[in-house]
Amino acid sequence: MVAVRPVHPVVQAVTAGARLPLSPARLLLVLLLPVAGLCLLMFSAFRIQVLDGAKHRKTVESLSFTQRQIPVTRGFILDRGHLPLAVPTELPSAIVDPVQLAMRYLRKIDPGITNLEYGLENEKIRQNLHQSLIEFSTAAAAALHEDPYVMREKVFESVLRGKRHLYLKRHISEDEQKSLEALGLPGSVMWFTPEDARHYPSRSLAAQILGFTGIDGHGVEGIEKKFDIDLAGSPALVRVQKDARSGMLLIHGLPDIEMGGANHVVLTIDSRIQKDTEAMLEQGLARYQAKNGAVLVMDAKTGEILAMANAPLADLSNRSAVPMDFFRNRVVVDAYELGSVIKPLTMVGAMDLSRVSATSDIPLDFKVIFRDKPPWTPKDHISLAQATIKPIDIIARSSNRGIAKIAELMGERALYDLFVKLGFGQPTGVELPSEAAGILPQLKFWTNKVYLATHSYGHGFSLTMLQLAQAYTLFANEGQMVRPHVVRFVVDDRGERVACFSPSACGRPVPMRRVVRNPHVVAEVMQMMRKVVTAGTGTRADISRFGYSVAGKTGTAEKVGKGEKGGYSEQFNRVTFIGLVPAQDPKVVIAVMLDEPEGDPETAADKNIDEILRKDAGYVAAPLFAEIARMVMYRLGVVPDLETTAQVGKGRSAPTVRKKAGGPYLPPLPVPEKVAMPDFHGRSLAGSLELMSENHLNCQVIGHGQVVSQEPEPGGPINACKLVLAPGTVPGPPLENPEENE
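Each residue of the sequence shown is one higher than the one before, starting from 3 at the first, in our numbering.
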């Protein structure tokens, strides 16, 4: 039998205690501890993900993402059909290191020379260096078409001052670059850096409207200056993901621009009308031997300016060869005495106040009596023997005494108030810089009836052509005047409008200011201006043989300061013709001005025409108006409001009003040009836009750089065209047609 070893008392006590059941409190504690820990973890997760989630996400994003600036090219300027008139491009600038240039020549003289200062200490070496720098300056100036003496002074000054960077010339042409490269200097001495520049595909087209940019890329004149902030834009910001070295990770390509970028300006100008108007104005300038001239074509209902031409023309691609005066926009910045074109405005104001009626007999006895000198009477070609005159003949025959008498019946205050309501002496607010307000003397300076008389026929105060055209819009809108606009809207890179200037282009009602209360009076004065063209001083403005009626007025203003003792001169005139076409329902207002014309050459041999009369607006400005008005009607596709019968022998019946017919009107002129598809292959964006402008094409452009393919092929017929560009030298932002988003 095996003996049993006795258990130690302590072990026996512990074993006995282990068999005892746990108390409820201890059991609850054991269960709650894991649950509490789990709840704590869940709360921490909730706090991190929900309560403090935004803060932590921001921290993570700041560590993983960043904003980077990308360079911005200057915006486009486009016409109303979105044809580019000003586009961004890149041109090389020639840079030289003067110290390296001098050291290159010094080492040729003495290979042991190690610094410029040592070489300049030796008289013989200095003379040889001097001659070498003269030869370089002369060759560089010849290559860049610059003054060799100016180039020499610039190079020598830079060498003596130890400069390491000198612009020989910025924005040079391809031929100039090749000429400089032919000098054989290494890249460490002379190099070429591409810089942002401006390209004008149509060269002189609308040059005075567009203006231009300076060498630093900021606008100097015209739209470039007025909208410089929009066109220049601000550095574009993009949000990108960072890699471990804080570089950019473009996993999905270049991201969308979050803010910044350049905007693009869309004008009201129609390039076709602008181009034809400029050509006709330049021909008229040569034909009548005038110093300068200007033409304004404006939509009479909306105020949108379709053409604003100035001559002589200015080539934007060769500004250095053009006098700065050629860039002067005379339609906007030149205010002068306009003459008799003011008479219809005086007439409509007097008739609206019931001072006269269309059937009144107006006495021709206007005179101003002075105590110490003979009575003053306005100059007039109406015979002094004629006692009275009808209002229609005052306008048609341009009677100064007749309109002065009407102004006398009207009174100084009423005439002054009319001129203020017409906007005289106030800028129109057109979207162009440096607009002149003109000069309208205050009423207190109308000290006698001489001022009342001269103001009634356009002397004694000054206006711009734009102010005159704005005033004449009341004849097209039953006594209401519209404000002119040269900009339709501004769009961003996504084609979305950021600003709207022309209400009609943005689908809003055109605001008008009522000047004449009685629309019937406006219609009566329009009939008076019709007679100006049919049987008055402006018969050479008549285009009824082409089916269009014209209502207008001639104005011949003698220039101040050209006569004896600085007074008015009959030999030096500024002639104007302004008219509305068609007269039945005016679509456009056209104003034509020529400065100091020599006269109509066709009347030079006619002894019955006075030498002064040959320079009159009816002989000079009216024929030019007729050419432009006919072209504008055809370009706009306006239905003729007259119909003429065929000539029978030498006779021809008078034109009659055409009855309106349904359906669109297709004008017989101009004959559509047959254009074959030109070859765009290898051209940059700027070169392609210039070729499109020359051929009146509006091709779809895909990509940027140089053209690698085109549809149709060169020489093929054009229905629609498309150009595909591969990455190359000249970037260009895509621009949607904003009108498609309406």
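Using N, Cα and C, we set each Cβ at its ideal position, and we do this for glycine too.
Taking a C-beta distance under 8 Å as the contact criterion, V518 and V370 do not qualify as a contact pair. Here L308 really is in contact with I271; their C-beta atoms are around 7 Å apart, less than 8 Å. Taken in chain order, the whole beta strand (DSSP E) runs of length 3 or more contained in the stretch 517-583 are 553-562 and 570-583.
Nearest in C-alpha terms to E692, of all of P86, K57, F48 and M44, is P86. Beta-bridge analysis with DSSP links K724 to Q702 and E713. 8 Å or more divides the Cβ of S356 from the Cβ of A406. Distance from the CA of E223 to the CA of E125, rounded to the nearest whole angstrom, comes to 50 Å. A distance of 8 Å or more separates the beta carbons of I211 and N320. Note on geometry: alpha-carbon atoms of D198 and P94 lie some 9 Å from one another. A straight-line Cα-Cα distance of about 39 Å links G186 and F328. Here the alpha carbon of L465 sits roughly 8 Å from the alpha carbon of D336.
Per DSSP, the unbroken beta strand (DSSP E) holding G295 starts and ends at N294 to D301. Put simply, the stretch 478-497 does not touch the stretch 443-461. Fewer than three CB pairs are less than 8 Å apart. With contacts defined as CB atoms closer than 8 Å, M412 and A455 fail to qualify as a contacting pair. Burial check for E137: the Cβ neighbour count within 10 Å stays below 16, so the residue is exposed.
Contact between the stretch 359-377 and the stretch 538-557 is absent: fewer than three C-beta pairs spanning the two stretches fall below 8 Å. One thing to note: V161 has its Cβ no nearer than 8 Å to the Cβ of S139.
Here H266 is near V492, since their CB atoms are less than 8 Å apart.
Under the DSSP assignment, C41 falls in the alpha helix (DSSP H) whose first and last residues are P26 to F48. A straight line joining the alpha-carbon of E437 with that of I408 spans about 32 Å.
Unbroken beta strand (DSSP E) stretches of 3 residues or longer found wholly inside the stretch 372-402: none.
For the pair L420 and A593, the CB atoms are not nearer than the 8 Å cut-off. Taking C-beta separations shorter than 6 Å and ignoring five residues to either side along the sequence, the partners of L170 in its chain run A96, V98 and A142, following chain order. In the DSSP assignment, Y169 falls within the unbroken beta strand (DSSP E) covering L168 to K171. Following the DSSP letters along the chain, one finds L185 in no alpha helix (DSSP H), marked with neither H nor E. In terms of CA proximity to Y453, E414 leads the group N479, F477, E414 and Q472. With distances taken between CA atoms, E119 lies nearest to Q102 out of A288, Q102 and A323. Rounded to whole angstroms, A416 and R274 show a C-alpha spacing of 42 Å.
For the set A389, P325 and G404, the Cα lying nearest the Cα of D395 is the one of G404. Between L340 and T578, the C-beta spacing is below 8 Å.
When DSSP reads this structure, M514 sits in a beta bridge with V484.
At least 8 Å separates the beta-carbon of E598 from that of A313.
F78 sits buried, since 16 or more C-beta atoms from the chains shown fall within 10 Å of its C-beta. Residue range D230 to A234 is occupied by the alpha helix (DSSP H) that includes D232. One alpha carbon belongs to M531, the other to P237, and they sit about 55 Å apart.
Counting only residues of its own chain and dropping the five nearest sequence neighbours on each side, H58 has a CB closer than 7 Å to the CB of I50.
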